[in-house]
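Just below is one structure, and these are the notes that go with it.
Residue numbers (UniProt numbering): 1 to 619.
If you want it as structure tokens, here you go:
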């Protein structure tokens, strides 16, 4: 048996129900590296070593092996470059003559080729060697020099900054894959390679598939595979219903192992691992290894929650948290805020009273505070069952709107702290954006389900049909000052404009950013829209034509940039240097104004403007 419980599992498995938990009893186990898994040299009558595959790729030496096949270093004799070649093992599949294994192998090639990301190996070619029924598929990839995390774990302790840095890069891959509708389903140390320069390469999309909430356990296991690796498998994946946050659970297991030197659960076999994931609570990392700060405990335990809705909403937000931990001493990071850094800590200001609303403890509870007295205004607001992700006050300050990972939005009476009406239900994923119309009659909600919905704030009823068109998560919403146009920003790298009365899109998507659009804001006259992106640029758009106005405002080297619209229509941006120096900019002229502000170094810029435009505040 492999010490981590990794098996090449073929043919039969039996589903056994234990109370509410479902675990797999594996009836035919073939540990990686066994004689059965090594019958590779002459598989299908084809001798592979020293072969010239496809008339082009000469195998040099074997680099590794697993249930799917073997990876070789090879020489591309046409271009004269070294490459990596993965050759399928026909024993990997449960179908006749390896048909299922071949299909899975080809799926890996297609999926990996779709994901153009610097932290994923590049696919060069796909071919077959042999003839007739003895054909053996092979996949040609870039040859990456580096060391697997599994080997690093055997070599000793890994520093927390390295874990944070590498974990963030893994999240970048998962965010890109999830946005493309793809789950990896097998995040583990041996599938993560670290290059000499410290760059992560995520390997093996062989068990990845398109996200499908209606998948059944039978669909996932019908070829004889237990999909994933048991020591890292999320409870819902063990039950046969994986979702994107299952990858985050696996990453939580990996991070636990990297910072403590051991897995969160120990078991003797596959059944034991799956049962533990389904029924046992993981230990606190700091109880296993010394020197682990509370922020790391909170992060890892959040990832290992049994209920996917209680984990981080998505990989992009988790990447920001990990980079925050990497930026400075983890002991200095307020762990209670880490749940809310996607894309920022949810804070809202009530017009006139400047009452701050903040979410605490990740339990869906809200508190209203008066900063003048430092006292709460009313009792805590309770009702959400998930993390509150976004908040906004109505223009008159009487209502507060909240969006949550529990897939609902809610309205609250700010005077009493009581909910107004029933939860606003309809979205199928986290509600990540909320915005009131200028007259307060409409509430717009955007969701990770890629839709926008409009609600009547007086009745709580849905107005019209959902607004569809974005191909990525909808993260930010804004109304124009006359309430006629709605703008949205998304993880599909675009902003979109909508007719607020009809729900119809206006023009084409505003495409110009090269990463997630975090923020959108209108000028007072409604002629211009500013968009702020993860690519650290602010773009200005002519709403009538949908065209860019002027040049992008780009963040300084190692800095960040944010944008906001003032009440008198002046679009303002703030850039922040790595040392914490902040400069304000007039987006209409692209000129700085005022003296730079000096503060402690920060990772992100959040701005709020006073109704008196000459008194600007930032945070």
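Even for Gly, the Cβ is constructed at its ideal location relative to N, Cα and C. This structure is a prediction, so every number in the text was calculated from the model and none was measured.
(Q) Give me, in chain order, the residues of the same chain whose beta-carbon lies closer than 6 Å to that of residue 511; leave out the 5 immediate sequence neighbours on both sides. (A) 494
Q. Quick one: what does DSSP say residue 120 is sitting in, helix, strand or coil?
A. strand
Q) What did DSSP end up calling residue 134 once you bin it into helix, strand or coil? A) helix
Q. Do you know offhand how far residue 480's Cα is from residue 417's?
A. 28 Å
Q: Please classify residue 196: is it buried, with 16 or more other beta-carbons within 10 angstroms of its beta-carbon, or exposed?
A: exposed
Q: Work out the CA separation of residue 266 and residue 273 for me, nearest whole Å.
A: 7 Å
Q. What is the DSSP secondary structure of residue 271, counted as helix, strand or coil?
A. helix
Q.
With H, G and I counted as helix, E and B as strand and the rest as coil, what does DSSP make of residue 64?
A. strand
Q) Between the C-alpha atoms of residue 303 and residue 286, what's the straight-line distance to the nearest angstrom? A) 15 Å
Q | Sequence-distant residues of the same chain with beta carbon closer than 7 Å to residue 127, five excluded per side | A | 53, 54 and 138
Q) Among 118, 161 and 177, which has the Cα closest to the Cα of residue 492? A) 177
Q: Give a yes or no on whether the C-beta atoms belonging to residue 322 and residue 167 are separated by under 7 Å.
A: yes
Q: Pair every Cβ in the region 407-425 with every Cβ in the region 464-484, then say whether three or more of these pairs are closer than 8 Å.
A: no
**Q.** Assigned secondary structure, residue 481 (DSSP; H/G/I helix, E/B strand, else coil)
**A.** coil
Q | Start and end residues, beta strand (DSSP E) containing residue 309 | A | Residue 309 -> no beta strand (DSSP E), and no H or E assigned at all.
Q: Using DSSP bridges, identify the partner residues of residue 531.
A: 520 and 539
Q) Run through DSSP, which three-state label would residue 394 get? A) coil
Q. How big is the Cα-Cα spacing for residue 87 and residue 60?
A. 13 Å
Q. In terms of residue numbering, what span does the beta strand (DSSP E) encompassing residue 506 cover?
A. 505-511
Q) Would you report the Cα separation of residue 235 and residue 278, rounded to the nearest angstrom? A) 5 Å
Q. From which residue to which residue does the alpha helix (DSSP H) around residue 256 run?
A. 244-260
Q. On the premise that residue 193 lies in contact with residue 257, defined as a C-beta separation below 8 Å, what is that separation, rounded to the nearest angstrom?
A. So it is not a contact: roughly 16 Å between Cβ atoms.
Q: For residue 400, count neighbouring Cβ atoms within 10 angstroms of its own Cβ and tell me buried if that reaches 16, exposed if not.
A: buried
Q: Going by CA-CA distance only, name the one from 181, 150, 70 and 391 that's closest to residue 114.
A: 181
Q. Hey, is the region 287-296 in contact with the region 243-254, meaning 3+ C-beta pairs nearer than 8 Å?
A. no
Q: Thinking residue 429 and residue 449 are a contact (beta carbons under 8 Å), I'd like their distance in whole angstroms, please.
A: 4 Å
(Q) With H, G and I counted as helix, E and B as strand and the rest as coil, what does DSSP make of residue 128? (A) strand
Q: Measure how close the beta-carbons of residue 398 and residue 414 come, nearest whole angstrom, since I'm counting them as under 8 Å.
A: 6 Å
**Q.** residue 200 versus residue 486: straight-line alpha-carbon distance, rounded
**A.** 39 Å
Q: Quick one: residues in its chain with C-beta nearer than 6 Å to the C-beta of residue 514, no 5 flanking neighbours on either side, listed in chain order?
A: 535
Q) So, residue 74 versus residue 85, is the Cβ gap smaller than 7 Å? A) yes
**Q.** Test item: CB-CB of residue 474 and residue 447 under 7 Å
**A.** yes
Q. For residue 396, which option in 404, 451, 457 and 410 has the closest C-alpha, if you only look at C-alpha atoms?
A. 457
Q) With respect to the beta strand (DSSP E) encompassing residue 410, which residues constitute its N-terminal and C-terminal limits? A) 409-413
**Q.** CB contact flag (residue 452, residue 392, <7 Å)
**A.** no
Q | Coil, strand or helix - residue 169 by DSSP | A | helix
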